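Student: All letters in the sequence shown, in the order written, are residues 3 to 189 by my numbering. Built from N, CA and C at the ideal position, the CB exists for glycine as well. This structure is a prediction, so every number in the text was calculated from the model and none was measured.
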Amino acid sequence: SEMCIRDRIIFNVNEIYKQQPKKMKEIAGVNSDTFTILIVDDIALNLLLLDKMLKPFDFQIVKAANGREALETIQSRIGTPGCIDLAIVDLMMPDIDGFKVIEHVRNGCDNAEFRIPAQSKSDLPILILSGMNFGEDIERGLALGANQFITKPIVMTQLYSIIVEELTKKVCLLYTSPSPRDVEESR
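Below is the structure:
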């Protein structure tokens, strides 16, 4: 039955969780619990699995069940301490798919529904996590502005290394980019 499959998956996730390396408390010198990660997938079990896989980092996890919820979440948190630091987005979702989420975030969106300023790859890294691993889907997602593409099924070590890589780049840019005041003073 469906419940048996679900229980087996949960059991496997719990076994994997027990085998994971000890918790990772910081990335590039920043406490990992200060990062807010948005995970977006229309399949509840996938959200649960990702949440479990990311537990060792102690990230603040925010979940969205579709592209609309993802954009609403990003919009509502812009400029707040809980702003989204990295998004992991599925491509195939009803209504607003992952491609459209990436497009709205990278190009900005100002319409009756959303007011989201354009955000660069370093402002808000976006990782595509999808079973759609055809070359054209990967190319389209990256061309729209995704930072990286991860295929399902998820390989935890790959997921971890890509998240660490993208958040490290973000932190390094924050600490090496001149502030607007520094730019003004250099004129």
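Going straight from the alpha carbon of N109 to that of L49, what length do you get?
Tutor: About 26 Å.
Student: Does N109 come out as helix, strand or coil in the three-state DSSP assignment?
Tutor: Helix.
Student: Please work out which residues of its chain come closer than 8 Å, Cβ to Cβ, to I44, disregarding the five sequence neighbours upstream and downstream, and give them in chain order.
Tutor: Rather than Ile, the amino acid found at residue 44 in this sequence is Asp. Counting only Cβ-Cβ distances below 8 Å, and skipping sequence neighbours, we find A67, N68, D92, M94, M95 and P96.
Student: Pick out whichever of K57, L169, D99 and R70 has its Cα sitting closest to the Cα of E115.
Tutor: Residue R70 is the option with its Cα nearest to E115.
Student: Please identify the residue among Y177, L47, F136 and I80 whose C-alpha is closest to the C-alpha of T38.
Tutor: For T38, the nearest C-alpha among the options comes from I80.
Student: Take D60 as the anchor and find which of S34, C85 and H106 has the nearest alpha-carbon.
Tutor: Among S34, C85 and H106, the Cα nearest to that of D60 belongs to S34.
Student: Between I104 and I128, is the Cβ-Cβ spacing less than 8 Å?
Tutor: Closer than 8 Å, so yes.
Student: Considering only DSSP beta bridges, list what Q62 is partnered with.
Tutor: DSSP output for Q62 lists T38 as bridge partner(s).
Student: Can you give the beta carbon distance from K171 to S122, rounded, assuming they're within the 8 Å contact cut?
Tutor: At roughly 11 Å, the Cβ-Cβ gap does not stay under 8 Å, so K171 and S122 are not in contact.
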